[in-house]
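Per the working numbering, residue 4 is the first one in the sequence shown, and the count goes up by one each step. Let me begin by presenting the structure, written as structure tokens, before commenting on it.
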Amino acid sequence: QQNGLSYLTDQANGHDGDVTRVVFDREGTLATFLDEWRKVYASGAVANLTSDVTQQFVAGRTAMMVASTSSLSTLLEAIGGRFELGVGFLPRVKAAATGGVNVGGGAIFLLDNGSDPEKRESWEFLKFLMGKEAQLYWHEKTGYFPTNHLTYAMDEFKAHIAQNPLFEVAIEQLLASNPKVQSVWWPNSYQAYYEIQNGIREMLEQNLSTEETVEKLAATLNRFIDDYYKMNQP
Numbered sequence: 004q005q006n007g008l009s010y011l012t013d014q015a016n017g018h019d020g021d022v023t024r025v026v027f028d029r030e031g032t033l034a035t036f037l038d039e040w041r042k043v044y045a046s047g048a049v050a051n052l053t054s055d056v057t058q059q060f061v062a063g064r065t066a067m068m069v070a071s072t073s074s075l076s077t078l079l080e081a082i083g084g085r086f087e088l089g090v091g092f093l094p095r096v097k098a099a100a101t102g103g104v105n106v107g108g109g110a111i112f113l114l115d116n117g118s119d120p121e122k123r124e125s126w127e128f129l130k131f132l133m134g135k136e137a138q139l140y141w142h143e144k145t146g147y148f149p150t151n152h153l154t155y156a157m158d159e160f161k162a163h164i165a166q167n168p169l170f171e172v173a174i175e176q177l178l179a180s181n182p183k184v185q186s187v188w189w190p191n192s193y194q195a196y197y198e199i200q201n202g203i204r205e206m207l208e209q210n211l212s213t214e215e216t217v218e219k220l221a222a223t224l225n226r227f228i229d230d231y232y233k234m235n236q237p
């Protein structure tokens with residue numbers, strides 16, 4: 004473990020320095036998850052849905068789904084009161100787990116294109132977009148977290164949460180998580196993301212052993228890391 008947590012790579016997932024290799028094969032992190040996920044898959048109660056998962060859930064064909072917080076208002080509108088929607092923390096792999104979740108999503112950047120008037124106008128727009136009032140509106144209409152901490156102190160926000168407690172669940176989950184749990188910051192992370200998905204699917208569909216799956220993923224991801232540094236030497 005690093006800092007009391009389990010990571011995918013060394014250097015605390017790239018936050019303490021340049022990643023050199025994966026560590027999930029040494030620490031048993033991935034094997035622990037795969038063993039439990041195999042049990043869930045074997046129950047026959049899990050489907051790997053993508054584009055139509057919301058429709059399946061709203062139609063009552065799926066009992067539970069994992070989704071972005073941004074889906075909350077859309078789900079409530081689509082359900083239209085036909086049944087009660089519940090929201091909960093993501094389940095732990097082990098009851099003693101102390102990690103939690105991290106914030107995901109995109110970002111907004113202001114690029115320097117050499118036009119001062121446009122830069123000033125863009126900056127004013129960003130200030131408006133990140134303002135506490137705009138973030139409250141964004142949160143209410145989507146379910147996304149307000150990114151402005153001043154929003155949380157607004158009476159309007161508190162009233163919204165009191166009337167719509169489902170919108171607070173994800174916020175509470177983040178606050179209850181270890182702040183050292185952050186997104187993976189290492190080369191080829193997007194490539195690795197799909198490789199891990201494919202590896203897990205291959206394990207389940209071809210009934211591969213957990214050990215073989217971990218070894219194959221570790222070898223492939225380490226090669227991705229090495230290839231990146233070879234192609235991006237200073």
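Glycine included, each C-beta is placed from N, C-alpha and C at the ideal position. The model shown is predicted, which means the values in this text are computed figures rather than measured ones.
When beta bridges are read from the DSSP output, VAL25 appears opposite THR12. Below 8 Å, enough C-beta pairs join the region 176-184 and the region 86-104 to call them touching: three or more.
Secondary structure note for ILE199: its alpha helix (DSSP H) is the uninterrupted segment 192-209. As for any alpha helix (DSSP H) of minimum length 4 sitting wholly inside the region 43-78, the runs are 56-61, ordered along the chain. In the DSSP assignment, THR216 falls within the unbroken alpha helix (DSSP H) covering 213-234.
In this structure, the beta-carbon distance from LEU37 to THR216 falls below 8 Å. By the C-beta density criterion, GLY146 is buried, having at least 16 other C-beta atoms within 10 angstroms.
ASN181 sits close to GLY102, with the two beta carbons spaced by under 8 Å. By the C-beta criterion, the region 166-173 is judged to be in contact with the region 77-90, since at least 3 inter-stretch pairs fall below 8 Å.
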